[in-house]
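Numbering (this note's numbering), first residue to last: 1 to 286.
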């Protein structure tokens, strides 16, 4: 192989030199391309992190959020240090039901089950906020309890067999009540106001629930508006991963029929006077 571009009289270059030059020239762009790609990745990484965090926060705010269980009040359904996922959309499609395990905010009302130390500096405060948002640390004023009664229910403890009754119907709590606990050591008799909930922990002897707040407005019940969502699955630790179903006792036909008839009865009660007024008005015009 010879080079046609050599000047006349110039010393002839070995073929090996030409091959080396060509190889060098063809390898340079590839090496440069690799450097560009690597640099581009590190430039884009902060953007990817910010986008990922933003999407995670949007999902956490509107769809599903992880929560940390800080106390023993829901044992053995939920153990201390469990993490659960909470569905924040479900109550936009259906009402809160008896037997649901719900997370709610107790700001300016409930406290006492556990204490959190104040962050020592703004950086620690930021990391605690992130940890709370993603279910790594407990929220300061978030609580998790089981709904026993909804608005309009008459919840009472206890009947002759030491069972809680809802609208006169006894509920069987053996499937979720902490072993050895009574349904309640303290008697109570409450008519749950409309738009509120009577909630209790499954570990009744240590749970500071509606029973501990009977002197508060609402007689211990909490506003539905304070409910963040329904806990529906345990995700951590993996060995305990499982769903959190509504116990069968809350599906009793007598309980459901009574609860479902309240709006119907109210509707008839309101409709009857309106029909009578309409008839009188039509009669007067004739």
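Idealized CB from N, CA, C, for every residue including glycine. This one's a predicted model, so the numbers in the text were calculated from it and none came from an experiment.
Pick out whichever of 201, 195, 196 has its Cα sitting closest to the Cα of residue 183.
As a first step, residue 183 must be located in the chain shown, where it is residue number 183. If we check each option's Cα against that of residue 183, 201 comes out closest.
Where does the unbroken beta strand (DSSP E) through residue 353 begin, and where does it stop?
Nothing about residue 353 can be reported from this structure: the residues present for the chain run from 1 to 286 only.
How big is the Cα-Cα spacing for residue 106 and residue 194?
By 1-based counting over the chain shown, the position of residue 106 is 106. By 1-based counting over the chain shown, the position of residue 194 is 194. So the alpha carbons of these two residues sit roughly 19 Å apart.
Got a sec? Which residues, its chain only, sit under 7 Å from residue 255 by beta carbon, not counting five neighbours each side?
Position 255 of the chain shown, counted from the first residue, corresponds to residue 255. Contacts found: 166, 167, 169.
Cβ neighbour criterion (16 or more within 10 Å) applied to residue 51:
The residue labelled residue 51 in the question sits at position 51 within the chain shown. Its Cβ having fewer than 16 others within 10 Å, residue 51 is exposed.
Among 245, 67, 154, the one whose alpha carbon lies nearest that of residue 80:
For the purposes of this step, residue 80 is identified with residue 80 of the chain shown, where counting begins at 1. The option with the nearest alpha carbon to residue 80 is 67.
Per DSSP, the bridge partner or partners of residue 291:
Residue 291 is absent from the model: the chain starts at 1 and stops at 286.
Please go through the same chain and pick out, in chain order, the residues whose beta-carbon is closer than 8 Å to the beta-carbon of residue 204, but skip the five residues on each side of it.
Your numbering for residue 204 matches position 204 in the chain shown. Once the five neighbours on either side are set aside, the close Cβ partners of residue 204 are 177, 178, 181, 182, 183, 184, 185.
Close-in-space but distant-in-sequence residues of the same chain around residue 84 (CB under 6 Å, 5 per side omitted):
Here residue 84 refers to the residue found at position 84 when the chain shown is read from its first residue. Around residue 84: 67, 231, 234.
Which whole-angstrom value is the C-beta distance of residue 227 and residue 192, which I expect to be below 8 Å?
For the purposes of this step, residue 227 is identified with residue 227 of the chain shown, where counting begins at 1. For the purposes of this step, residue 192 is identified with residue 192 of the chain shown, where counting begins at 1. The Cβ separation is near 14 Å, so there is no contact.
DSSP three-state label for residue 83, please.
In the chain shown, the residue the question calls residue 83 occupies position 83. Of the three classes helix, strand and coil, the one that applies to residue 83 here is strand, per DSSP.
Nearest candidate by alpha-carbon position, reference residue 224, set 92, 253, 244, 189
Here residue 224 corresponds to residue number 224 of the chain shown, with the count starting at 1. Nearest of 92, 253, 244, 189 to residue 224, Cα basis: 92.
Following the continuous beta strand (DSSP E) through residue 65, name the residue where it begins and the one where it ends.
What you label residue 65 is simply residue 65 of the chain shown in a count that begins at 1. Unbroken beta strand (DSSP E) run through residue 65: 64-68.
As an exercise, report each continuous beta strand (DSSP E) stretch of at least 3 residues that is fully enclosed by the stretch 158-222, in chain order.
188-191, 196-200
Excluding sequence positions up to five away, which residues of its chain have a Cβ less than 8 Å from the Cβ of residue 22?
The residue given as residue 22 occupies position 22 in the chain shown. For residue 22, the predicted model reports a pLDDT of 46, less than 50, meaning its position is unreliable and no value from the coordinates is stated.
Rank 217, 240, 222, 174 by C-alpha distance to the C-alpha of residue 249 and give the top, closest one.
Position 249 of the chain shown, counted from the first residue, corresponds to residue 249. Minimum Cα distance to residue 249 is reached at 174.
Mind checking whether the beta-carbon of residue 198 lies closer than 8 Å to any heavy atom of the ligand HEM?
Although the ligand HEM was asked about, the structure shown includes no ligands whatsoever.
For residue 196, I'd like the list of residues in its chain whose CB is within less than 7 Å of its CB, leaving aside the five on either flank, ordered along the chain.
Working through the chain shown from its first residue, we reach residue 196 at position 196. Excluding sequence neighbours, residue 196 sits near 151, 218, 221, 222, 223, 224.
Which residue or residues does DSSP assign as beta-bridge partners of residue 142?
Along the chain shown, one-based indexing puts residue 142 at 142. For residue 142, which the question treats as bridged, DSSP gives the partners 105.
Is the beta carbon of residue 146 sitting closer than 9 Å to the one on residue 102?
In the chain shown, the residue the question calls residue 146 occupies position 146. In the chain shown, the residue the question calls residue 102 occupies position 102. Taking 9 Å as the Cβ cut-off, residue 146 and residue 102 qualify as a contacting pair.
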